[in-house]
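Numbered as in our numbering, the sequence shown ends at 357 without a single skipped number.
No residue lacks a Cβ here, since even glycine has one placed at the ideal position from N, Cα and C.
What you are looking at is a predicted structure, and each value in this text was computed from that prediction instead of being measured.
Report on the following structure.
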Amino acid sequence: MIIIGIETSCDDTSIAIIKNGKVLANVTSSSTKVHEQYGGIVPELAARKHCTNIDKVFQHAIKIAKIKPNDIDYVAYTSEPGLIGSLHVGKVFAKQLAALLGVKIIQVNHLLAHIFSYFLDHDIKDLKFPFLSVVVSGGHTFIAINYSVNKYRILNSSIDDACGETLDKIGRLLKLPYPGGISIDKIYNSKKVFDLIKHSIADKEFSFSGLKTAVSNLINNLRQKKKKIDTVGIASSSLKWIIDDLEIKIKYYLNKYPKTKMILFGGGVSANSLLRKTFTKWRNTKFLFPTIQYTNDNAAMVALWAFLLLKYRGKEC
Ligand code: KG4
Ligand code: ZN
């Protein structure tokens with residue numbers, strides 16, 4: 041079974057082709073450079089970039105996968121959530137392709153696709169329900185319990201900024217290269233960590249705006265007093281705060297749902313070195329992280345989710 045995945049929810053135009061769950065091609069054209077100068081994604085520019093890139097990315101993917109368009113059995117595309125203009129480009133492309141080929145179309149939730157991305161290059165036999173998922177991306181932060189490929193319940197979700205967005209904003213305040221999440225990962229130093237603000241209690245929703253405000257106030261105070269800004273210290277303390285917060289909440293939900301078989305991480309921030317180091321240390325809990333190339337937005341995860349949906353249809357717990 042050959043599935044083409046189309047991902048255009050944010051700034052990356054990505055098209056992948058998978059055969060029986062195995063990746064044949066995963067081509068991504070990133071528009072990060074365009075947004076860099078603005079310190080964040082400009083939706084209109086992202087949508088325009090998708091328009092100019094999508095056909096080239098499609099041709100490239102077909103070539104790498106060594107298939108003909110007629111070999112495709114299903115077209116899967118990201119239908120939500122995301123930037124409306126960006127999503128629309130992917131939707132129109134997917135619908136036209138499916139109509140031309142006379143094949144079925146599968147709408148994919150981008151966040152569910154992130155959850156299962158570990159299985160892009162690991163054995164699907166290890167997929168055991170129910171499990172807890174932790175999505176930490178630029179736009180979302182949540183913990184969910186998953187009962188099947190498309191049956192899940194969100195247990196805790198950020199009420200304000202997502203953790204990736206917070207790191208990007210703190211990076212900008214510290215004048216670090218965009219995106220801040222990656223820059224902060226690179227300069228993290230455990231010896232430079234100091235206390236910023238208190239953590240909320242375990243069963244309260246994620247909230248990262250307090251951290252961002254604390255960092256902003258600290259930097260403004262230091263600037264006013266003409267004091268030196270400890271970039272590495274502030275960046276490291278912010279990252280440590282976010283990871284500690286994730287740890288507090290994950291511990292709480294693991295206790296609440298003892299039947300959970302494993303914890304699957306997904307989303308851009310799951311590439312973070314401190315995050316991986318912290319959770320790998322936990323004994324008795326199986327934490328699974330996607331391979332780094334699949335932590336960020338990619339179409340392979342979109343196609344894989346469609347494949348899993350077809351494979352596990354009707355199998356729930
Ligand atoms: O999942 P993703 O590619 O896009 C969304 O769906 O939002 O995540 C992008 C986010 C950005 O905020 C970026 O700064 C963050 O992931 N990120 C990282 C790392 N790599 C990407 N944050 C911390 N450490 C990293 N190594
Ligand atoms: Zn994403």
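| Query | Result |
| --- | --- |
| DSSP state of ASP52 mapped onto helix, strand, coil | strand |
| TYR218 (DSSP reduced to helix, strand or coil) | coil |
| ALA343: CB within 7 Å of a non-hydrogen atom of the ligand KG4 | no |
| Beta-carbon proximity check, ILE303 vs VAL176, cutoff 8 Å | no |
| Residues bridged to VAL175 [DSSP beta-bridge criterion] | PHE182, GLY306 |
| Nearest to SER249 (by Cα), restricted to the options ILE288, ILE199, SER310, LEU127 | ILE199 |
| Integer-rounded CB distance, given that ILE46 should sit under 8 Å from ALA134 | 5 Å |
| Host alpha helix (DSSP H) of VAL292 (start-end) | In the sequence under discussion, the amino acid at residue 292 is Tyr, which differs from the Val named in the question. Note, TYR292: alpha helix (DSSP H), 271-296. |
| ASP208 beta carbon near the ligand KG4 (any heavy atom closer than 7 Å) | yes |
| TYR114 and VAL67 closer than 8 Å at C-beta | no |
| Identity of the residues DSSP links to LEU328 by a beta bridge | LEU304 |
| Heavy atom of the ligand KG4 within 7 Å of ALA87 beta-carbon | no |
| Classification of HIS162 by the beta-carbon crowding that lies within 10 angstroms, buried from 16 upward | exposed |
| VAL255 versus ILE210: straight-line alpha-carbon distance, rounded | 7 Å |
| Three-state secondary structure (DSSP) of ILE241 | coil |
| Length of the line joining the Cα atoms of ILE185 and LEU85 | 35 Å |
| LEU207 vs LEU279 beta-carbon contact at 8 Å | yes |
| DSSP bridge partner residues for GLY45 (one or two, in chain order) | ALA56, ALA116 |
| ALA202 (DSSP reduced to helix, strand or coil) | coil |
| ILE189 (DSSP reduced to helix, strand or coil) | Note that residue 189 is Val in the sequence shown here, rather than Ile. The answer is coil: DSSP assigns VAL189 none of H, G, I, E or B. |
| As assigned by DSSP and simplified to three states, the class of SER247 | coil |
| For review: beta carbons within less than 5 Å of any heavy atom in the ligand KG4 | SER177, GLY178, GLY179, GLY204, ASP208, PRO219, GLY221, ILE222, ASP225, GLY307, GLY308, VAL309, ALA311, ASN312, ASN336, ASP337 |
| Touch test, the region 288-308 against the region 261-275, Cβ-Cβ under 8 Å, three pairs minimum | no |
| Cβ-Cβ separation, LYS289 to ILE183 (assumed contact under 8 Å), whole Å | 6 Å |
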